[in-house]
Amino acid sequence: MKNFTLTVLLVLTTSLLFAQQDNKAKEILDKLSATTKSYKTIQIDFSFTLENQQEDIKETNSGWVALKGEKYRLHMPALGMDVYSNGKTNWSYLPDAGEVNVTDNTPGQDNSLNPANLFTIYEKGFKYRYIGEKKIGDKNAYVIDLYPKDLNKDFTRVKLYIDAANYHIIKAITYSKDGNTYTVALKNMKTNQDLPDSYFTFDPSKHPDVEVNDMR
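Take the sequence shown: its letters are residues -19 to -1, 1 to 197, numbered as in mature numbering (1 follows the signal peptide of the UniProt record, and there is no 0).
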């Protein structure tokens, strides 16, 4: 009977601890969301690292992303790609190939590795857990793990590091089922810049030699 009582107490204590962690995670994520949505626009530089320890692979590239509501523009020179999105249509511009692929912007589309989605990835389709605090450079960061509710996703977890001082994302690590980890580290953030809607739309007239592949 004594062992049974201790077991029940342990289960209840563990459950309570997880509930507190989840509440803490929700509080932090809600503040992150409110902070992000308070900005009219966001521009940020980032580094993108692919690592696979088993295959002895580690590659780091850089880029930048601009956000305005549902609109975004993503520049990843190492991949030879620029992506424009006005919230309804996406243009994937490949300068070296001299072509641009036009597709519909599909809500809920799985683009978990896209830096443009880092600011809202946690809002739908995830469970979350507060892990604790960690020093990242000279910043104190909250650490939160996100777990996809859909177990068929090709990744198992996303670890977010959130600046405890201003509720900006410092970095995110995605753990893929194939053994790869993808780390996006954010830096040089600018907010409320004057970015017209046209900035997020690819204009074929400015690229007359580019082949347009309309895949809608």
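Beta carbons: idealized from backbone N, C-alpha and C, even for Gly. Keep in mind the model is a prediction, meaning the values are calculated, not measured.
Query raised in the report: Under a three-way DSSP split, which group does residue 16 fall into?
Result: Working through the sequence shown from its first residue, we reach residue 16 at position 35. Residue 16: helix per DSSP, three-state reduction.
Report task. Could you tell me which of 118, 113, 119, 132 sits nearest to residue 126, measuring between CA atoms? Result -> One-based indexing of the sequence shown puts residue 126 at position 145. Checking every option, the nearest Cα to that of residue 126 belongs to 113.
Requested in this report: Give the DSSP-derived three-state secondary structure of residue 181 in the structure shown.
Outcome: Here residue 181 refers to the residue found at position 200 when the sequence shown is read from its first residue. Of the three classes helix, strand and coil, the one that applies to residue 181 here is helix, per DSSP.
Requested in this report: Please report how far the alpha carbon of residue 39 lies from the alpha carbon of residue 103, in whole angstroms.
Outcome: Indexing the sequence shown from 1 puts residue 39 at position 58. Indexing the sequence shown from 1 puts residue 103 at position 122. The straight-line gap from Cα to Cα measures roughly 26 Å.
Query raised in the report: Between the Cα of residue 86 and the Cα atoms of 78, 72, 79, 16, which residue gives the shortest distance?
Result: Here residue 86 corresponds to residue number 105 of the sequence shown, with the count starting at 1. Taking only the C-alpha atoms, the option nearest residue 86 is 72.
Query - Short Cβ contact (8 Å threshold) for residue 100 with residue 128 - result: Within the sequence shown, residue 100 is the residue found at index 119, counting from 1. Within the sequence shown, residue 128 is the residue found at index 147, counting from 1. Result no, Cβ atoms of residue 100 and residue 128 do not sit closer than 8 Å.
Requested in this report: May I have the straight-line CA-CA distance separating residue 138 from residue 131, to the nearest angstrom?
Outcome: Reading the sequence shown from its first residue, position 157 is the one you call residue 138. Reading the sequence shown from its first residue, position 150 is the one you call residue 131. C-alpha separation (whole angstroms): 11 Å.
Report task. Please name the residue, chosen from 52, 14, 9, 32, that lies closest to residue 159 on a Cα-to-Cα basis. Result -> On the sequence shown, residue 159 is found 178 positions in, with the first residue counted as 1. For residue 159, the nearest C-alpha among the options comes from 32.
**Report entry** residue 21 versus residue 35 - alpha carbon distance
**Finding:** Indexing the sequence shown from 1 puts residue 21 at position 40. Indexing the sequence shown from 1 puts residue 35 at position 54. When rounded, the distance between both Cα atoms is 42 Å.
Query raised in the report: Do you know offhand how far residue 180's Cα is from residue 5's?
Result: For the purposes of this step, residue 180 is taken as the residue at position 199 of the sequence shown. For the purposes of this step, residue 5 is taken as the residue at position 24 of the sequence shown. One C-alpha to the other measures close to 38 Å.
Report task. Helix, strand or coil for residue 129, going by three-state DSSP, please let me know. Result -> On the sequence shown, position 148 is the one that residue 129 refers to. Of the three classes helix, strand and coil, the one that applies to residue 129 here is strand, per DSSP.
**Report entry** residue 184 to residue 165 span [Cα, whole Å]
**Finding:** By one-based count along the sequence shown, residue 184 stands at place 203. By one-based count along the sequence shown, residue 165 stands at place 184. So the two alpha carbons sit approximately 29 Å from each other.
Query - Segment limits, beta strand (DSSP E) that includes residue 162 - result: Counted from its first residue, the sequence shown places residue 162 at position 181. 162 to 172 is the span of the beta strand (DSSP E), which, as asked, contains residue 162.
Report task. Just confirm the distance between the C-beta atoms of residue 25 and residue 170, as a whole number of angstroms; I'd bet it's less than 8 Å. Result -> Indexing the sequence shown from 1 puts residue 25 at position 44. Indexing the sequence shown from 1 puts residue 170 at position 189. That pair is a contact at about 5 Å.
Query raised in the report: Cα separation between residue 111 and residue 187?
Result: Against the sequence shown, residue 111 aligns to sequence position 130. Against the sequence shown, residue 187 aligns to sequence position 206. For residue 111 and residue 187, the distance between alpha carbons rounds to 47 Å.
Query raised in the report: Who are residue 153's beta bridge partners in DSSP?
Result: Residue 153 sits at position 172 when you count from the first residue of the sequence shown. 141, 165, per the DSSP bridge assignment.
Query raised in the report: Would you report the Cα separation of residue 182 and residue 168, rounded to the nearest angstrom?
Result: Against the sequence shown, residue 182 aligns to sequence position 201. Against the sequence shown, residue 168 aligns to sequence position 187. Taking the straight line joining both Cα atoms gives about 25 Å.
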